[in-house]
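*Asks:*
Numbering (full-length UniProt numbering), first residue to last: 1 to 302.
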């Protein structure tokens with residue numbers, strides 16, 4: 001049986017990756033770390049959900065504790081330490097940087113020794129808001145703390161030669177869908193539909209593109225087999241104004257973007273193989289709304 005490690009199993013993409021792997025019959029060790037207080041209730045439910053599966057082992061990340069046991073054997077390590085909820089509060093984010101840095105160093109060291117593949121989930125935000133075209137030959141120029149952090153972490157991974165470290169870096173836009181952090185604009189809107197509370201929705205995420213969580217997880221999970229030993233992959237929807245279309249469906253008010261996003265010159269859009277799953281923005285929003293109603297009625301977050 002194949003065995004994988006997911007760093008950040010109580011984060012949005014990390015959690016959904018764990019769920020995907022468990023459904024595929026893999027053994028999963030999920031490494032979790034403290035969330036911002038605003039996201040605690042959601043992430044506690046994530047831990048309870050995964051804990052029901054006998055093939056899932058939970059490890060709590062501690063500052064002075066090594067991430068991996070010496071004899072631990074994984075076929076791949078998925079680094080999904082951060083999600084949008086970690087960037088909501090600047091002071092909390094600064095606290096997590098040190099822990100995230102140590103975790104990545106531990107992952108790189110382990111993969112170098114064990115020859116396991118490292119899959120690093122990055123962000124299209126490594127490109128600044130003024131960069132209208134994104135591509136392999138375009139040097140990132142991040143202008144947001146999220147992008148700066150991910151670009152720094154990417155450079156920690158890519159400094160190793162192809163023969164030394166087998167890795168895949170996957171840059172994704174904003175990801176939405178069931179289990180999205182409470183601080184995300186779409187999730188704020190979904191929660192207000194359930195609670196009937198009306199207040200201004202904070203829009204802090206990158207609006208250049210958006211992808212449904214299942215589409216992202218499918219590709220991230222498959223990339224260990226389909227990708228070269230060392231590569232950077234861009235994922236995108238292949239359509240214009242996807243984030244705005246979703247926001248309109250949820251009645252989210254937003255300011256027009258200052259710069260026009262021309263698109264991505266290389267990568268995989270969701271209509272291409274191996275990025276084959278396709279979820280329309282309308283279907284994705286409906287599924288997120290339905291999940292939010294279930295979550296709040298079932299677990300009494302009100």
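Even for Gly, the Cβ is constructed at its ideal location relative to N, Cα and C.
None of these values were measured; they are calculated from a predicted model.
Do the segment 113 to 120 and the segment 66 to 80 meet, that is, are 3 or more Cβ pairs less than 8 Å apart?
*Replies:* A contact exists between the segment 113 to 120 and the segment 66 to 80.
*Asks:* Less than 7 Å between the C-beta atoms of residue 8 and residue 81, yes or no?
*Replies:* Yes, the Cβ-Cβ distance between residue 8 and residue 81 is below 7 Å.
*Asks:* In this structure, does DSSP put residue 198 in helix, strand or coil?
*Replies:* Coil, per DSSP.
*Asks:* Taking the beta carbon of residue 143 as the centre, do at least 16 other beta carbons fall within 10 Å, making it buried, or is it exposed?
*Replies:* Burial call: exposed.
*Asks:* Anyone know if the C-beta pair for residue 217 and residue 18 falls short of 7 Å?
*Replies:* Contact: no.
*Asks:* Which residue's Cα is closest to the Cα of residue 245: 209, 223 and 86?
*Replies:* The shortest Cα separation from residue 245 among 209, 223 and 86 belongs to 209.
*Asks:* Unbroken beta strand (DSSP E) runs of length 3 or more, entirely within the segment 41 to 119: which are they?
*Replies:* Runs of the beta strand (DSSP E) inside the segment 41 to 119: 56 to 60 and 76 to 79.
*Asks:* Can you tell me whether residue 152 is helix, strand or coil according to DSSP?
*Replies:* Reduced to three states, the DSSP call for residue 152 is helix.
*Asks:* Nearest CA to the CA of residue 54: which residue from 23, 42 and 33?
*Replies:* Measuring from the Cα of residue 54, the nearest candidate turns out to be 23.
*Asks:* How far does the beta strand (DSSP E) with residue 27 in it extend, from its first residue to its last?
*Replies:* Counting along the chain, the beta strand (DSSP E) containing residue 27 begins and ends at 27 to 32.
*Asks:* Can you tell me where the alpha helix (DSSP H) holding residue 247 begins and where it ends?
*Replies:* Per DSSP, residue 247 belongs to the alpha helix (DSSP H) from 242 to 249.
*Asks:* Under the DSSP definition of a beta bridge, which residues are partnered with residue 5?
*Replies:* Per DSSP, 29 and 77.
*Asks:* Taking all protein chains shown into account, decide if residue 133 is buried (16 or more other Cβ within 10 angstroms of its Cβ) or exposed.
*Replies:* It is exposed - the Cβ of residue 133 has fewer than 16 other Cβ atoms within 10 Å.
*Asks:* Going by DSSP, what residues sit across from residue 224 in a beta bridge?
*Replies:* Residue 224 pairs with nothing; no bridge assigned.
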